[in-house]
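Position one of the sequence shown corresponds to residue 1 (UniProt numbering), numbered consecutively onward.
Only one structure is covered here, and it is reproduced in the block below.
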Amino acid sequence: MSGHDRPEQAVTMKRNGWSRWSGIRNQDITPEKQIEFSRIFGPLEMHPLEATTRVDYPELFVLENGGEKDKFFTAYYKGEEIVGRLDWHKDLHYTGRPNHGALLRAVVVAEEDGLTGFGDLAKAYDALDDETKSILEKLEVAYSFSMQRRHMRYVDLEGYEPGPYSPRKPADVNFPDFVDAVYPAVVTHPISGRKILEVIEQFLDRVITPQQFGLSNDESIELLERLVAHAKKPEFTYFHKWREGDMVLWDNWRAMHCTTGTKPGVKRIINRTTIEGDVTLGRSLTSE
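What follows is the structure, encoded as structure tokens:
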């Protein structure tokens, strides 16, 4: 990407993908150029997990498989050992103030696996029936941060076993303890005005005071389970198979994402820059 075509690429990505996701191929650029390009979309913010940021480029968050840190991100899924798998989520969702978006660039890719999935939560909302939409307009949902996947109530735990070095508490990865974050079950996108289904499996914990809205606890659980499954339907999701030099930008306010992980020892490096969120979409839960 040269100085001449950089603005044109940015305009294209803004027009076609910034409200969801967009990608361009074959970008042989330096970390400095990635940081420069990312700033076209807004101010950058540092990721709270400082151990994965580069000292020379603190704006750059390095997602690496196949290195010495693999053991901390290894788990077993139906007997298969996988490194770096992440369930569907929004970045910084557990804070109440998710970042606006992020830009990923593939430096080293895995021949197999290592896919990144994206899910369109605006389309997922649009496809709901009117009765469900009416119910959701009244509800708030709580997200409870945990380093232990077994404590996440709405992810698929069938056949899951944590690795022996999996973090057990936030302090293990230099994270603070986060209070629960609460969001409307449906949020309005701050820029497009689209309605977004704000029910995503990772860290999802409960409906706030469901009885006030005519739901029993069991009914609220069934509703969240149904919505989590709905948002993951193939018609709303896309899995990106990386090539070296790929860059993908996504709108973290509209889209959720996940990673499939890799087999142990497989090298995969993705450089990420994070675009600041200047709108608070949720709130910290102080009482219930």
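Don't be surprised by glycine CBs; every beta carbon is placed ideally from N, CA and C.
For clarity, every value in this text was computed on a predicted model and none was experimentally measured.
Can you list, in chain order, the residues of its chain with a C-beta nearer than 6 Å to that of residue i? Leave out the 5 residues immediately preceding and following it.
i	result
Gly136	Reading the sequence as shown, one finds Leu at residue 136 and not Gly. Cβ neighbours of Leu136 beyond the five flanking positions: Ala185 and Val186.
Val83	Asn65, Asp70, Phe73, Thr74, Gly261, Thr262 and Pro264
Gly277	Arg97, Pro98, Asn99 and His100
Ala110	Thr262, Val266 and Arg268
Lys33	none
Trp242	Ala106 and Val109
Pro190	Val279
Would you call the CB atoms of residue i and residue j closer than 9 Å?
i	j	result
Ile208	Gly101	no
Val228	Trp253	no
Arg85	Thr286	no
Arg20	Ala255	yes
Gly23	Leu249	yes
Phe239	Leu121	no
His93	Tyr183	yes
Gly119	His257	yes
Arg150	Tyr160	yes
Gly163	Glu81	yes
Ile196	Tyr125	yes
By Cβ distance below 8 Å, which residues in the same chain neighbour residue i in space, the five residues on each side in sequence not counted?
i	result
Glu235	Lys123 and Ala127
Glu158	Lys78
Met152	Asp87, Ser146, Glu201, Gln202, Phe203 and Leu204
Gly117	Trp88, Thr237, Tyr238, Phe239, His240, His257, Cys258, Thr259 and Thr260
Return helix, strand or coil for residue i, following the three-state DSSP convention.
i	result
Ala102	strand
His151	helix
Val62	strand
Asp28	coil
His47	coil
His189	coil
Glu36	helix
Lys90	coil
Phe118	strand
Asp5	Low local confidence applies: a pLDDT of 47 at Asp5 is under 50, so the model's placement there is unreliable, with the coordinate-based value given in what follows. Three-state DSSP puts Asp5 in coil, outside helix and strand.
Lys71	helix
Thr209	coil
Thr286	coil
Thr95	helix
Asp278	coil
If you drop the 5 nearest sequence neighbours on each side, which residues of the same chain put their C-beta closer than 7 Å to that of residue i?
i	result
Tyr154	Glu201, Leu204, Leu224, Glu225 and Val228
Ser38	Leu44, Leu103, Thr273 and Ile275
Thr95	Phe178 and Ala181
Lys169	Met147
Val199	Val141, Ala185, Leu224, Leu227, Val228 and Ala231
Ser284	Gly96, Val179 and Ala181
Could you tell me which uninterrupted beta strand (DSSP E) segments, each at least 3 residues in length, are contained entirely in the stretch 218 to 272, listed from first to last along the chain?
Whole beta strand (DSSP E) segments, 3+ residues: 237 to 240, 247 to 251 and 255 to 259.
I want to know whether the stretch 61 to 77 touches the stretch 226 to 243 - three or more CB-CB distances under 8 Å.
The stretch 61 to 77 makes no contact with the stretch 226 to 243; the number of CB pairs closer than 8 Å stays below 3.
Are the stretch 125 to 144 and the stretch 56 to 69 touching by the rule of at least three beta carbon pairs closer than 8 Å?
Taking a contact to require three or more Cβ pairs closer than 8 Å, the stretch 125 to 144 and the stretch 56 to 69 do not qualify as touching.
Three or more beta-carbon pairs under 8 Å between the stretch 102 to 121 and the stretch 174 to 185, yes or no?
With fewer than three CB-CB distances shorter than 8 Å, the stretch 102 to 121 does not count as touching the stretch 174 to 185.
Which runs of the alpha helix (DSSP H) at least 4 residues long sit entirely within the stretch 123 to 179? Give them in chain order.
Contiguous alpha helix (DSSP H) elements confined to the stretch 123 to 179 occur at 130 to 136, taking only those with 4 or more residues.
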